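Q: With the UniProt record's numbering, the residue at position 64 of the sequence shown is 64, and numbering never jumps. We put the CB at the ideal spot given by N, CA and C, even for glycine. These figures come from a predicted structure and were not determined experimentally.
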Amino acid sequence: MVETESTLKNPIVYLNTIYTPLDSASHEIRVLDILPGQPGSPVTCSVRHTRLLHADTIPYTALSYVWGDPKLTTDLTFSDVKVPVTVNLASALDHVRSQHKTVTFWADALCINQKDGVEKSAQVAMMGDVYREGTGTQIWLGEERDGSDLAMDLIAQMDGEDLESEKNRFDEEGLRAISNLQARDWWSRVWVIQEALLSKSSIIQCGNKCLPISAFIRLDDIRRGWHRSTARYLSTSGSLIPGNPFSSILTAFPDEVLKLKTGRQSDLLDWITSTEDFHATNPRDKIYALLSLSPPSQTAYIVPDYRAPVADVYSAVTTRCIIRWKDLTILHFDTDEKSQEHQLPSWVRDYSSSGLLGKKPVYVPFPPSEYAACGRDCWGRKKIYLAGQFSENLKLLSRGFLIDTVVYVGRSERLPPYTGVDPMERLANVKERSAGILANVRVWEEKFNATGKSPYDSVEGRRKVFWRTLMANRWYTQWAPLPEDMVENVHFETWMGRRPLPESVMETDSSNADTEEVKRLYCKPFTDACVTRCHGRSFVITEQGYIGMAPLKSKIGDIVTVLEGGYVPFILRELEGGGYQFIGESYVHGIMEGEALQDKREDDIQIFVLE
Numbered sequence: 001m002v003e004t005e006s007t008l009k010n011p012i013v014y015l016n017t018i019y020t021p022l023d024s025a026s027h028e029i030r031v032l033d034i035l036p037g038q039p040g041s042p043v044t045c046s047v048r049h050t051r052l053l054h055a056d057t058i059p060y061t062a063l064s065y066v067w068g069d070p071k072l073t074t075d076l077t078f079s080d081v082k083v084p085v086t087v088n089l090a091s092a093l094d095h096v097r098s099q100h101k102t103v104t105f106w107a108d109a110l111c112i113n114q115k116d117g118v119e120k121s122a123q124v125a126m127m128g129d130v131y132r133e134g135t136g137t138q139i140w141l142g143e144e145r146d147g148s149d150l151a152m153d154l155i156a157q158m159d160g161e162d163l164e165s166e167k168n169r170f171d172e173e174g175l176r177a178i179s180n181l182q183a184r185d186w187w188s189r190v191w192v193i194q195e196a197l198l199s200k201s202s203i204i205q206c207g208n209k210c211l212p213i214s215a216f217i218r219l220d221d222i223r224r225g226w227h228r229s230t231a232r233y234l235s236t237s238g239s240l241i242p243g244n245p246f247s248s249i250l251t252a253f254p255d256e257v258l259k260l261k262t263g264r265q266s267d268l269l270d271w272i273t274s275t276e277d278f279h280a281t282n283p284r285d286k287i288y289a290l291l292s293l294s295p296p297s298q299t300a301y302i303v304p305d306y307r308a309p310v311a312d313v314y315s316a317v318t319t320r321c322i323i324r325w326k327d328l329t330i331l332h333f334d335t336d337e338k339s340q341e342h343q344l345p346s347w348v349r350d351y352s353s354s355g356l357l358g359k360k361p362v363y364v365p366f367p368p369s370e371y372a373a374c375g376r377d378c379w380g381r382k383k384i385y386l387a388g389q390f391s392e393n394l395k396l397l398s399r400g401f402l403i404d405t406v407v408y409v410g411r412s413e414r415l416p417p418y419t420g421v422d423p424m425e426r427l428a429n430v431k432e433r434s435a436g437i438l439a440n441v442r443v444w445e446e447k448f449n450a451t452g453k454s455p456y457d458s459v460e461g462r463r464k465v466f467w468r469t470l471m472a473n474r475w476y477t478q479w480a481p482l483p484e485d486m487v488e489n490v491h492f493e494t495w496m497g498r499r500p501l502p503e504s505v506m507e508t509d510s511s512n513a514d515t516e517e518v519k520r521l522y523c524k525p526f527t528d529a530c531v532t533r534c535h536g537r538s539f540v541i542t543e544q545g546y547i548g549m550a551p552l553k554s555k556i557g558d559i560v561t562v563l564e565g566g567y568v569p570f571i572l573r574e575l576e577g578g579g580y581q582f583i584g585e586s587y588v589h590g591i592m593e594g595e596a597l598q599d600k601r602e603d604d605i606q607i608f609v610l611e
C-alpha cells in the first residue's frame with residue numbers, strides 16, 4: 001500500500017540513481033523480479049518497466065502488505081545496490097519468492113520512486129489498474145506468531161454449514177489464535193480495500209500458511225451468525241470471534257466485486273462514510289485509496305497530489321460532494337474531533353479522524369432517511385442552488401433559516417476512538433455504559449421538566465417526547481421510524497426504574513436468574529438505541545423549549561438552523577468577526593419534518609457564511 005517518504009526515518013537514498021523515469025501517460029509501471037533464494041537468505045531483486053492495459057504487459061502478482069515500523073529496516077539487494085526497506089516488506093518478499101525460479105511482483109515501496117512526488121502522485125492515480133491487471137494479489141499479514149498457524153488451519157476447516165458444530169470445533173486457544181490473527185494491522189489499513197476488491201484473485205498469507213480470501217469471507221459469515229444466535233449474551237469476554245474494520249468489507253465482498261466488474265461502483269460518499277475506522281499513515285490516502293472504488297463521474301476532479309496541503313485535499317473532496325449531490329449530506333457526517341494540524345475550515349470534514357464507535361450521525365442516507373428538516377421538497381424538486389456557493393477563501397455560503405438558540409447543554413460521555421475491537425461486540429456490550437448514561441438521562445429529564453415553556457403538550461407529552469429524543473425517534477437496528485401511536489415505551493420506563501419488570505418476563509427466566517441481568521436484557525432494545533444516540537452527543541434545550549441531541553462541542557448561545565440541502569438541523573456558532581463556525585448535525589424533536597418552516601417566509605431566508 002502507498003505510504004510516504006516521511007514515514008521512513010532512513011529513506012532510500014540511492015533510488016534516484018537506480019530508477020529511470022516512467023511514462024505515466026502510457027500507463028507505464030515498474031515490476032519487481034525477485035531472484036530465487038533459500039528462506040531466510042538475503043533477498044535480491046531487480047526492476048523492469050512494463051505498460052498496463054497493453055498486450056505485452058509483463059505478468060506480475062501484486063503484493064498487498066503493511067509497511068510496518070519505519071524504524072525497523074534491513075537491507076536487500078535492489079538492482080545491484082544495497083537499499084534499506086522495512087523489515088515487514090523484506091519478510092514478505094522472503095516468503096513469496098521461489099527457491100527455484102524468478103518470480104515477478106509489484107510492491108509499491110520499490111516499484112514507485114518514493115522520493116519523486118510527481119511520479120508518486122501519477123502512480124497512485126493508476127493503483128486501481130495495477131491491482132486489476134495483475135494475475136492476482138498476495139496479501140501478506142506477517143510472520144507466524146501468536147498462534148497464527150493454528151488460526152489459519154482452523155479457518156481452513158470451516159465450512160459454515162452448522163454454527164453449533166463450528167463453535168464446538170474451537171477451544172479457548174483456537175479462539176484466541178483467530179482473535180490475534182484478526183487484530184493484525186493489515187485489516188485496518190484503508191488501501192487494502194481496493195487491493196482486495198479489484199484483484200482477479202486474492203490469497204492471504206501469514207507465515208508459510210496461505211488461504212483464499214473466500215475462507216475469511218466464510219469466517220465472517222460464521223462470526224456474524226454466532227453473534228446473532230447468542231445476541232442476548234454478547235460481551236467482550238472473548239467467547240466469540242472478534243471482527244475488525246475489514247469485517248464490513250468481507251460482509252459485502254461478493255456484492256462489491258460484482259458492482260466493480262459491472263461498472264456500478266458504490267458512491268464515493270458511501271465509501272467515505274463506511275471507511276472512517278480505517279487508518280492511513282498519510283492523511284491524504286483516506287481519500288486517494290477510495291478513488292478507484294468509486295464511479296469516475298464522482299472522482300474525475302480529484303487528482304492525487306501528495307504535494308498539496310491536506311486542507312486543500314479535504315476541502316476539494318467536501319466541495320465536490322456538495323456540488324455532485326447538490327445537497328449537504330456530506331456535512332451530516334462531520335466529526336467532533338478535528339486535527340488542528342490540518343487547519344481545516346469548520347465545514348470541511350476531517351477525513352483522517354476515526355469515528356467514535358457508537359456515534360452514528362442522526363441522518364443516515366444509505367438507505368435514505370425519513371428526516372426532512374428542510375421540507376419534503378428538498379427530496380423531490382430540482383436542486384439548483386441547494387448546495388450553497390463557495391468563496392475563493394474556502395467559505396461556504398448557504399441559504400437557510402435561523403430556528404432557535406441553545407440555552408442548555410447536558411453533557412454525555414465520549415466513547416474512546418476505535419482500537420480494533422469488533423464494533424458489533426462493543427456496541428452490544430452496553431451494560432457498563434448504560435449505567436453511566438442513565439445518570440445523565442435523569443439529569444436531562446429533570447431539567448427538561450423544569451423548563452417553563454415548551455412546544456410539547458402536557459406532562460405525558462413531555463415524557464413521550466423525551467424518550468423519543470433519546471432514540472432520535474428511530475429504532476436502533478434498522479433506523480426505522482418509531483410508530484406515532486407508541487405513546488409509552490415500557491422498556492424506557494423499566495430502565496428508569498419507574499415500572500417493574502413484567503411478570504411474564506420474570507416467569508420466563510430461571511428463578512435463579514440475576515434480576516438486574518434480566519432487566520438489562522429486557523431493556524436492551526431501548527438501551528441499544530439510546531446508548532448509540534447519546535454517546536458522543538450533548539442533550540440540548542433551546543430558547544423556545546425544543547429538546548434534541550447535538551454535537552458534544554455544542555455551547556449555550558449556539559444557534560439551530562435549517563439549511564437548504566440539509567435534511568436535519570445544523571448547529572452553528574456565530575464568530576466575532578462575522579460568519580459562522582459549523583458545529584455539526586443534530587436531532588431536534590418537532591422540527592425534523594419541515595415543521596419549523598411552515599411559518600417562514602422568503603424574507604426570513606438568511607445567508608450563513610460558514611468559515
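In whole angstroms, what is the alpha-carbon distance linking residue 63 and residue 204?
A: To locate residue 63, count along the sequence shown from 1; it is residue 63. To locate residue 204, count along the sequence shown from 1; it is residue 204. Roughly 10 Å between the two C-alpha positions.
Q: Can residue 58 and residue 31 be called in contact, C-beta distance under 7 Å?
A: Residue mapping note: residue 58 aligns to position 58 of the sequence shown, counting from 1. Residue mapping note: residue 31 aligns to position 31 of the sequence shown, counting from 1. Yes; because the gap between Cβ atoms is below 7 Å, this pair is in contact.
Q: Report the rounded CA-to-CA distance for residue 326 versus residue 310, giving the unit in angstroms.
A: Against the sequence shown, residue 326 aligns to sequence position 326. Against the sequence shown, residue 310 aligns to sequence position 310. Taking the straight line joining both Cα atoms gives about 24 Å.
Q: Taking the beta strand (DSSP E) that residue 45 belongs to, which residues open and close that run?
A: As a working mapping, residue 45 is identified with position 45 in the sequence shown. Unbroken beta strand (DSSP E) run through residue 45: 44–51.
Q: At the level of alpha carbons, what is the spacing between residue 256 and residue 191?
A: Your numbering for residue 256 matches position 256 in the sequence shown. Your numbering for residue 191 matches position 191 in the sequence shown. Rounded to whole angstroms, residue 256 to residue 191 spans 16 Å at the Cα level.
Q: Indicate the three-state DSSP secondary structure (helix, strand or coil) for residue 351 in the structure shown.
A: To locate residue 351, count along the sequence shown from 1; it is residue 351. Coil.
Q: Using CA atoms only, rank isn't needed, just tell me which of 71, 518 and 498 is closest to residue 442.
A: By one-based count along the sequence shown, residue 442 stands at place 442. Measuring from the Cα of residue 442, the nearest candidate turns out to be 498.
Q: Round the Cβ separation of residue 188 and residue 137 to the nearest angstrom and send it over; I've been treating them as touching at under 8 Å.
A: Along the sequence shown, read from residue 1 onward, the residue named residue 188 stands at position 188. Along the sequence shown, read from residue 1 onward, the residue named residue 137 stands at position 137. Contact doesn't hold; Cβ gap of about 18 Å is too wide.
Q: Could you pull out every residue in the same chain whose Cβ sits closer than 7 Å to the Cβ of residue 198, ignoring the five residues on either side in sequence?
A: Residue mapping note: residue 198 aligns to position 198 of the sequence shown, counting from 1. Answer for residue 198: 128, 131, 132, 260 and 292, listed in chain order.
Q: Roughly how many whole angstroms lie between the Cα atoms of residue 272 and residue 38?
A: Against the sequence shown, residue 272 aligns to sequence position 272. Against the sequence shown, residue 38 aligns to sequence position 38. So the two alpha carbons sit approximately 43 Å from each other.
Q: Given a cut-off of 7 Å on the beta-carbon distance, is the pair residue 314 and residue 288 in contact?
A: Within the sequence shown, the letter at position 314 stands for residue 314. Within the sequence shown, the letter at position 288 stands for residue 288. Result no, Cβ atoms of residue 314 and residue 288 do not sit closer than 7 Å.
Q: Distance check for residue 171 and residue 302, CA to CA, integer angstroms please.
A: Position 302 of the sequence shown, counted from the start, is the residue given in the question as residue 302. Position 171 of the sequence shown, counted from the start, is the residue given in the question as residue 171. The straight-line gap from Cα to Cα measures roughly 49 Å.
Q: On the premise that residue 406 lies in contact with residue 540, defined as a C-beta separation below 8 Å, what is that separation, rounded to the nearest angstrom?
A: Reading the sequence shown from its first residue, position 540 is the one you call residue 540. Reading the sequence shown from its first residue, position 406 is the one you call residue 406. Their Cβ separation, rounded to whole angstroms, is 5 Å, which keeps residue 540 and residue 406 in contact under 8 Å.
Q: Since residue 273 is in the alpha helix (DSSP H), which residue starts that stretch and which ends it?
A: Translated into positions along the sequence shown, residue 273 becomes position 273. Its alpha helix (DSSP H) spans residues 268–274.
Q: Using CA atoms only, rank isn't needed, just tell me which of 244, 196 and 297 is closest to residue 254.
A: In the sequence shown, counting from the first residue as 1, residue 254 sits at position 254. Measuring from the Cα of residue 254, the nearest candidate turns out to be 196.
Q: Put residue 174 into one of helix, strand or coil per three-state DSSP.
A: Within the sequence shown, the letter at position 174 stands for residue 174. Residue 174 falls in the helix class under three-state DSSP.
Q: Residue 184 by DSSP, collapsed to three states: which one?
A: In the sequence shown, counting from the first residue as 1, residue 184 sits at position 184. Note: residue 184 maps to coil in three-state DSSP.
Q: What residue range does the alpha helix (DSSP H) around residue 591 cover?
A: As a working mapping, residue 591 is identified with position 591 in the sequence shown. Premise fails: residue 591 is in no alpha helix (DSSP H) and is neither H nor E.
Q: Report buried or exposed for residue 517, applying the criterion of at least 16 other Cβ atoms within 10 angstroms of its Cβ.
A: Working through the sequence shown from its first residue, we reach residue 517 at position 517. Classification for residue 517: exposed.
Q: Residue range of the alpha helix (DSSP H) that residue 200 falls in?
A: Working through the sequence shown from its first residue, we reach residue 200 at position 200. Segment: none, residue 200 is in no alpha helix (DSSP H) and carries neither H nor E.
Q: Measure the alpha-carbon distance for residue 200 versus residue 294 and round it to whole angstroms.
A: Working through the sequence shown from its first residue, we reach residue 200 at position 200. Working through the sequence shown from its first residue, we reach residue 294 at position 294. If I take the Cα positions, the gap works out to 18 Å.
Q: For chain D, check one thing: does any of its Cβ atoms lie closer than 7 Å to the Cβ of residue 559?
A: Reference to chain D is not applicable here, since this structure consists of a single protein chain.
Q: Using the three-state DSSP reduction, which class does residue 565 fall into: helix, strand or coil?
A: In the sequence shown, residue 565 corresponds to position 565, counting from 1. Of the three classes helix, strand and coil, the one that applies to residue 565 here is coil, per DSSP.
Q: Roughly how many angstroms lie between the CA atoms of residue 373 and residue 19, to the nearest whole one?
A: Here residue 373 refers to the residue found at position 373 of the sequence shown. Here residue 19 refers to the residue found at position 19 of the sequence shown. Near 57 Å, if we compare the C-alpha coordinates of residue 19 and residue 373.
Q: Can you tell me which of the three DSSP states residue 412 falls into?
A: One-based indexing of the sequence shown puts residue 412 at position 412. Coil at residue 412, not helix or strand.
Q: In or out: residue 26 buried (at least 16 other Cβ within 10 Å) or exposed?
A: Indexing the sequence shown from 1 puts residue 26 at position 26. Exposed, because fewer than 16 other Cβ atoms sit within 10 Å of the Cβ of residue 26.
Q: Report, in whole angstroms, the separation of the C-beta atoms of residue 395 and residue 609, which I expect to be a contact under 8 Å.
A: As a position in the sequence shown, residue 395 is number 395, starting the count at 1. As a position in the sequence shown, residue 609 is number 609, starting the count at 1. Indeed they touch by this definition, with Cβ atoms about 5 Å apart.
Q: At which residue ranges does the stretch 511–555 contain complete beta strand (DSSP E) runs of 3 or more residues, listed in the order of the chain?
A: Correct list: 537–542 and 547–551.
Q: Below 7 Å between beta carbons: does that hold for residue 251 and residue 270?
A: For the purposes of this step, residue 251 is taken as residue 251 along the sequence shown, with counting starting at 1. For the purposes of this step, residue 270 is taken as residue 270 along the sequence shown, with counting starting at 1. Not a contact, by the Cβ cut-off of 7 Å.
Q: Please name the residue in 102, 22 and 579 whose C-alpha comes closest to that of residue 121.
A: The sequence position of residue 121 within the sequence shown is 121, counting from 1. Per the Cα distances, 22.
Q: Helix, strand or coil for residue 448? Go by DSSP, reduced to three states.
A: Sequence index remark: in the sequence shown, residue 448 carries index 448 (1-based). Three-state result, residue 448: helix.
Q: Apart from the five residues on each side of it in sequence, which residues of its chain come closer than 7 Å, Cβ to Cβ, to residue 184?
A: The residue you call residue 184 lines up with position 184 of the sequence shown. Answer for residue 184: 141 and 142, listed in chain order.
Q: Tell whether a beta-carbon distance below 7 Å holds between residue 112 and residue 99.
A: Position 112 of the sequence shown holds residue 112. Position 99 of the sequence shown holds residue 99. No, the Cβ-Cβ distance between residue 112 and residue 99 is not below 7 Å.
Q: Considering only the alpha carbon of each residue, which of 577, 571 and 119 lies closest to residue 305?
A: For the purposes of this step, residue 305 is taken as the residue at position 305 of the sequence shown. Ranking the options by Cα distance to residue 305, first place goes to 119.
Q: Three-state secondary structure (DSSP) at residue 420?
A: Translated into the one-based positions of the sequence shown, residue 420 becomes position 420. Residue confidence for residue 420 is low, a pLDDT of 45 falling below 50, so the modelled location carries little weight and cannot support an answer.
Q: Specify the secondary structure class of residue 24 as computed by DSSP and reduced to three states.
A: As a working mapping, residue 24 is identified with position 24 in the sequence shown. Here residue 24 sits in helix by DSSP.
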